[in-house]
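Trainee:
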Amino acid sequence: MGQVTVKQVMDMFDLDLISGEEGLGRRIPISDISRPGLEMAGYFTHYPANRIQMLGKTELSFFALLEARERTERMFKLCTDDTPAIIVAHGMDVPNELVDASGRKHVPVLRTKMPTTRFSSLLTNYLESQLAPTTAVHGVLVDIYGVGVLITGKSGVGKSETALELVKKGHRLVADDCVEIHQEGENTLVGHPPKLIEHLLEIRGVGIIDIMTLFGASAVRTFKRISLVIDLEIWDQDKTYDRLGLEEEKMRIIDTDLTKLTIPVRPGRNLAVIIEVAAMNYRLKRMGVNAAEEFSKRLDEVIAQDTN
Numbered sequence: 001m002g003q004v005t006v007k008q009v010m011d012m013f014d015l016d017l018i019s020g021e022e023g024l025g026r027r028i029p030i031s032d033i034s035r036p037g038l039e040m041a042g043y044f045t046h047y048p049a050n051r052i053q054m055l056g057k058t059e060l061s062f063f064a065l066l067e068a069r070e071r072t073e074r075m076f077k078l079c080t081d082d083t084p085a086i087i088v089a090h091g092m093d094v095p096n097e098l099v100d101a102s103g104r105k106h107v108p109v110l111r112t113k114m115p116t117t118r119f120s121s122l123l124t125n126y127l128e129s130q131l132a133p134t135t136a137v138h139g140v141l142v143d144i145y146g147v148g149v150l151i152t153g154k155s156g157v158g159k160s161e162t163a164l165e166l167v168k169k170g171h172r173l174v175a176d177d178c179v180e181i182h183q184e185g186e187n188t189l190v191g192h193p194p195k196l197i198e199h200l201l202e203i204r205g206v207g208i209i210d211i212m213t214l215f216g217a218s219a220v221r222t223f224k225r226i227s228l229v230i231d232l233e234i235w236d237q238d239k240t241y242d243r244l245g246l247e248e249e250k251m252r253i254i255d256t257d258l259t260k261l262t263i264p265v266r267p268g269r270n271l272a273v274i275i276e277v278a279a280m281n282y283r284l285k286r287m288g289v290n291a292a293e294e295f296s297k298r299l300d301e302v303i304a305q306d307t308n
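Residue numbers for the sequence shown follow my numbering, beginning at 1 and rising by one.
What follows is the structure, encoded as C-alpha cells:
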C-alpha cells in the first residue's frame, strides 16, 4: 500500500499553510475524509481522528455561535496526535482557537479556495489512487479491442514477441516485463508500467525498442484496467488442455479474481491471433454470447433425440 504525507497533499492541490508546519510530515493512513459537524457540537465519542478533517461553511458558522471556552475546548479535542491535517474550505478565515490548538499539537491547518464538496471529492479520488493496494507482476499488459489482457508465463516463452505482433496488428502496449498493479475499487485492477521502462519492449536478439517512437503514440497506453489473464506455457503432451472453454479458471491478484486462460505454446501456433480472438471471445461472453455453452446445449439436444 502506498504512503501519502500532508506535505504531498499540500503541494498537489496548492493549499495555503496556516499553522502546524511541524506536522507536514504526518502520514495519511486512509482515504476517508471527515466533516466534524457533531464534534463541533461537542460529541467526540466516535471521533474518527485518523482522517483528514474538512471544515466548511456549515461547521465554521456553527462554531462561531459557541462560547469562547467551548470554542477553545472543541479545537483542542479536534487536534489529536492521530489527526493528519485540518483543511478549511471556501478560503474562509481560520479561527484563532484552531490556529492556537494546531500550533501546540503540531497538526497542520491548510486552506483551499475551493468549495467543500468539490475539494473533498478531488482529495478522496487522489488519496484512493495513492493508497490503493499495489503489487507487481512479471508479464506484459496489452490493450486488445478495449480489453486489458495480462500475458504471463515463464521467461523466454515469447510474451514480448507476442506483444510486438499485437502492436503491429493495431493494439496498444501498456507495459512489458513488469506490470505495476493497483486496486482502484472492488474488482477493479489497473495496470501501468514502471516509469523506467515506459513504452519500452525487450526482444531477445534485437534488444530494447521504443514502441512509441517506432509505431507512434497510438500504439501505447499509460494505464489500463486488467480484465483477462492469459498464461503462456510450453506444450506438455501429458497435459490435457481445455478444448471447449466451458471451465473458467481464475487467478487472484490482490483481492480480485480474474478470468485466466492457459494457452500452450509450440511451433506453428500464431499466439498473437489466438490471444486476439481470446480477447474478442471474452467480450462476447460479457455480452451474453457464449459459443461453448451454445455448443454444449446443441450436443445435449442431439443426445436426447438419439436416446428417444
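Don't be surprised by glycine CBs; every beta carbon is placed ideally from N, CA and C.
Between Val9 and Ala85, is the Cβ-Cβ spacing less than 9 Å?
Mentor: Counted from its first residue, the sequence shown places residue 9 at position 9. Counted from its first residue, the sequence shown places residue 85 at position 85. For Val9 and Ala85, yes; Cβs fall inside 9 Å.
Trainee: Can you give the beta carbon distance from Val107 to Thr72, rounded, assuming they're within the 8 Å contact cut?
Mentor: Within the sequence shown, the letter at position 107 stands for residue 107. Within the sequence shown, the letter at position 72 stands for residue 72. Val107 to Thr72, Cβ: 15 Å. No contact.
Trainee: Excluding the five sequence neighbours on either side, which residues of its own chain have a C-beta within less than 6 Å of the C-beta of Ala101, listed in chain order?
Mentor: Numbered from 1 along the sequence shown, position 101 holds the residue referred to as residue 101. For Ala101, where only same-chain residues beyond five positions count, the Cβ hits under 6 Å are Met75, Phe76 and Cys79.
Trainee: Could you name each continuous beta strand (DSSP E) segment of 3 residues or more that falls completely within the segment 84-144, going from the start of the chain to the end?
Mentor: Complete beta strand (DSSP E) runs here, min 3: 86-88, 109-111, 134-138 and 140-144.
Trainee: Would you mind sorting Leu284 into buried or exposed? The rule is 16 or more other CB atoms within 10 Å of its CB.
Mentor: In the sequence shown, counting from the first residue as 1, residue 284 sits at position 284. When all chains shown are included, Leu284 counts as exposed.
Trainee: Among residues of its own chain, excluding the 5 on either side of Lys260, which ones have a beta-carbon nearer than 7 Å to its beta-carbon?
Mentor: Walking along the sequence shown from the start, residue 260 turns up at place 260. Result list for Lys260: Val229, Asp231, Glu249, Lys250 and Met251, in chain order.
Trainee: So Glu198 and Val190 are in contact, right, with Cβ under 8 Å, and what is the actual spacing, rounded?
Mentor: By 1-based counting over the sequence shown, the position of residue 198 is 198. By 1-based counting over the sequence shown, the position of residue 190 is 190. With a Cβ gap of about 15 Å, Glu198 and Val190 do not count as contacting.
Trainee: With a threshold of 16 other CB atoms inside 10 Å of the CB of Pro193, please say whether the residue is buried or exposed.
Mentor: Along the sequence shown, read from residue 1 onward, the residue named residue 193 stands at position 193. Pro193 comes out buried.
Trainee: Could you name the residues of the same chain whose beta carbon sits closer than 7 Å to that of Leu309, not counting the 5 residues immediately before and after it, in chain order?
Mentor: Within the shown structure, residues of the chain are numbered from 1 to 308, placing residue 309 beyond reach of any answer.
Trainee: Using only alpha-carbon positions, find the residue among Glu294, Val6 and Ile275 that is nearest to Gly148.
Mentor: Position 148 of the sequence shown, counted from the start, is the residue given in the question as residue 148. Out of Glu294, Val6 and Ile275, Ile275 has the C-alpha closest to the C-alpha of Gly148.
Trainee: For Thr58, which residues in the same chain have their Cβ closer than 7 Å to its Cβ, ignoring the five residues on either side in sequence?
Mentor: In the sequence shown, residue 58 corresponds to position 58, counting from 1. Within the same chain, Thr58 has close Cβ partners Gly37.
Trainee: Tell me which same chain residues have a C-beta within less than 8 Å of the C-beta of Val99, skipping the five on either side of it?
Mentor: Indexing the sequence shown from 1 puts residue 99 at position 99. Result list for Val99: Ile18, Ser19 and Val109, in chain order.
Trainee: Classify Val229 as helix, strand or coil using the three-state DSSP reduction.
Mentor: Counting from one through the sequence shown, the residue named residue 229 turns up at place 229. Three-state result, Val229: strand.
Trainee: Tell me which same chain residues have a C-beta within less than 8 Å of the C-beta of Arg118, skipping the five on either side of it?
Mentor: Along the sequence shown, read from residue 1 onward, the residue named residue 118 stands at position 118. Excluding sequence neighbours, Arg118 sits near nothing in its chain.
Trainee: Span of the alpha helix (DSSP H) holding Gln8?
Mentor: Translated into the one-based positions of the sequence shown, residue 8 becomes position 8. From DSSP, the alpha helix (DSSP H) with Gln8 extends over Val6 to Met12.
Trainee: Could you check whether Lys224 and Leu141 sit closer than 9 Å to each other, using their CB atoms as the reference points?
Mentor: One-based indexing of the sequence shown puts residue 141 at position 141. One-based indexing of the sequence shown puts residue 224 at position 224. Yes, they are a contact pair.
Trainee: Please confirm whether Thr124 and Ile87 have their CB atoms less than 9 Å apart.
Mentor: Mapped onto the sequence shown, residue 124 falls at position 124. Mapped onto the sequence shown, residue 87 falls at position 87. Contact flag unset, no.
Trainee: Which residue marks the beginning of the alpha helix (DSSP H) containing Val157, and which one marks its end?
Mentor: Taking the sequence shown and counting its residues from 1, the one referred to as residue 157 is at position 157. Neither: Val157 is in no alpha helix (DSSP H) and is coded neither H nor E.
Trainee: Just reading off the beta strand (DSSP E) that Arg286 is part of, what are its end residues?
Mentor: Walking along the sequence shown from the start, residue 286 turns up at place 286. Segment Leu271 to Arg286 is the alpha helix (DSSP H) holding Arg286; no beta strand (DSSP E) there.
Trainee: Tell me whether the beta-carbon of Thr5 lies closer than 9 Å to the beta-carbon of Ile28.
Mentor: Along the sequence shown, one-based indexing puts residue 5 at 5. Along the sequence shown, one-based indexing puts residue 28 at 28. Contact: yes.
Trainee: Would you call the CB atoms of Leu271 and Ser227 closer than 9 Å?
Mentor: Start at 1 with the first residue of the sequence shown, and residue 271 comes out as number 271. Start at 1 with the first residue of the sequence shown, and residue 227 comes out as number 227. Contact: no.
Trainee: Looking at Ile181 and Val137, is the spacing between their C-beta atoms short of 9 Å?
Mentor: Walking along the sequence shown from the start, residue 137 turns up at place 137. Walking along the sequence shown from the start, residue 181 turns up at place 181. Yes, they are a contact pair.
Trainee: Determine the extent of the beta strand (DSSP E) in which Leu175 is found, giving its start and end residues.
Mentor: The residue given as residue 175 occupies position 175 in the sequence shown. Per the sequence shown, the amino acid found at residue 175 is Ala instead of Leu. Here the beta strand (DSSP E) through Ala175 covers Arg172 to Ala175.
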